[in-house]
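What follows is a short report on a single structure.
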Amino acid sequence: MTQQATVKPGEQQASTPGITGNQGLGAASMPRRLAQLLDTMRTHGGRWTTARVKAVRGSAAPGRRIARRDLQNLHRRGFLIMHEADGIRSYTLSRAVTPSAQQDPDWVNALLGAADVIEVLPPDTELEPGRANAVKLLRRMAVEGLEHYPPALVWARYLDADDLEAFLGELSAEAAGADDLATLAAVENTIATWRFIGEAQYAHNSAAGPGSSEAAA
Numbered sequence: 014m015t016q017q018a019t020v021k022p023g024e025q026q027a028s029t030p031g032i033t034g035n036q037g038l039g040a041a042s043m044p045r046r047l048a049q050l051l052d053t054m055r056t057h058g059g060r061w062t063t064a065r066v067k068a069v070r071g072s073a074a075p076g077r078r079i080a081r082r083d084l085q086n087l088h089r090r091g092f093l094i095m096h097e098a099d100g101i102r103s104y105t106l107s108r109a110v111t112p113s114a115q116q117d118p119d120w121v122n123a124l125l126g127a128a129d130v131i132e133v134l135p136p137d138t139e140l141e142p143g144r145a146n147a148v149k150l151l152r153r154m155a156v157e158g159l160e161h162y163p164p165a166l167v168w169a170r171y172l173d174a175d176d177l178e179a180f181l182g183e184l185s186a187e188a189a190g191a192d193d194l195a196t197l198a199a200v201e202n203t204i205a206t207w208r209f210i211g212e213a214q215y216a217h218n219s220a221a222g223p224g225s226s227e228a229a230a
């Protein structure tokens, strides 16, 4: 039977090399362990194998099987790029994950946890159309260190000033109706109509002119 070491009041628990904070990676819960591993990989860089993760975590941490699973989980969530050569699998940070991101581990855990919950929800025809998009968005926010949801109406920025004013005016008028599905349908129709206009304006403004190099290509 393995006896766990106890920490007396006033004493600090030794941290695992390469890990910040008073709790080593091995003792952390699964979500926090992933966030801490990602932070360590940012700090030290390079290629990461199961053996390297195990070495950084120390002998008291979970074994190679857990290290391998953690790397696979981070890869599945979009944080890592997998490489395989001579039968050896290694991982590097994806381009979006940089040391300057300074992501809050608790925020990353919350985003990843929400994505995991949505992904395993029971089948529901009303949820299916947007489920994959929601999971992808939450994991993208975690990978890129986004603190807010990315803009939902990017195309509205393509509208000129007069059209933007008209769009917002129509949207405000439609949204002022009753809080029912009919109001939602009217709002959706307004957004869809103006999205077409905005994207058409963008296509027109960004099209290559007759004398441009793109038109001649």
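Under my numbering, read the sequence shown as residues 14 to 230, first letter to last.
From the three backbone atoms N, C-alpha and C, an ideal C-beta is built for every residue, glycine too.
Only buried fits Phe180, as 16 or more other CB atoms lie within 10 angstroms of its CB.
Here Thr196 has Glu187, Ala188, Gly190 as same chain residues with Cβ atoms under 8 Å from its own Cβ, once five neighbours each way along the sequence are excluded. In the structure shown, Ala98 falls within a strand segment according to DSSP collapsed to helix, strand and coil.
For Arg82, the enclosing alpha helix (DSSP H) has its first and last residue at 77-89. Approximately 7 Å separates the beta-carbon atoms of Leu177 and Ala169; this is inside 8 Å, confirming the contact.
Beyond the five residues adjoining it in sequence on each side, Gly211 comes within less than 7 Å, by CB distance, of Trp168, Ala169, Tyr171, Leu172 in the same chain, given in chain order. In the three-state reduction of the DSSP assignment, Ser103 falls in the strand class.
The three-state reading of DSSP puts Leu177 in helix, counting H, G and I together. DSSP lists Tyr104 as the bridge partner or partners of Trp61. Taking all protein chains shown into account, Ala155 has 16 or more neighbouring C-beta atoms within 10 Å of its C-beta and is therefore buried. The three-state secondary structure of Leu93, taken from DSSP, is strand.
When only Cα atoms are considered, Ala48 and Leu150 end up about 18 Å apart. In the displayed model, Pro135 falls within coil according to three-state DSSP, outside both helix and strand. The Cβ atoms of Phe92 and Ser107 sit closer than 8 Å to each other. For Gly190, there is no enclosing alpha helix (DSSP H), as DSSP marks it with neither H nor E. Per the C-alpha coordinates, the member of Arg144, His217, Asp192, Glu183 positioned closest to Ile204 is Glu183.
The Cβ atoms of Leu84 and Thr63 sit closer than 8 Å to each other. Minimum Cα-Cα distance from Arg65 among the listed residues Ala198, Arg89, Arg77 corresponds to Arg77. Between the alpha carbons of Pro136 and Ala127 lies a gap of roughly 17 Å.
For the set Val200, Asp129, Tyr215, the Cα lying nearest the Cα of Asn86 is the one of Asp129.
Classified as buried, Leu125 has 16 or more neighbouring CB atoms from the shown chains inside 10 Å of its CB. Annotated three-state conformation of Ala165 is coil, per DSSP.
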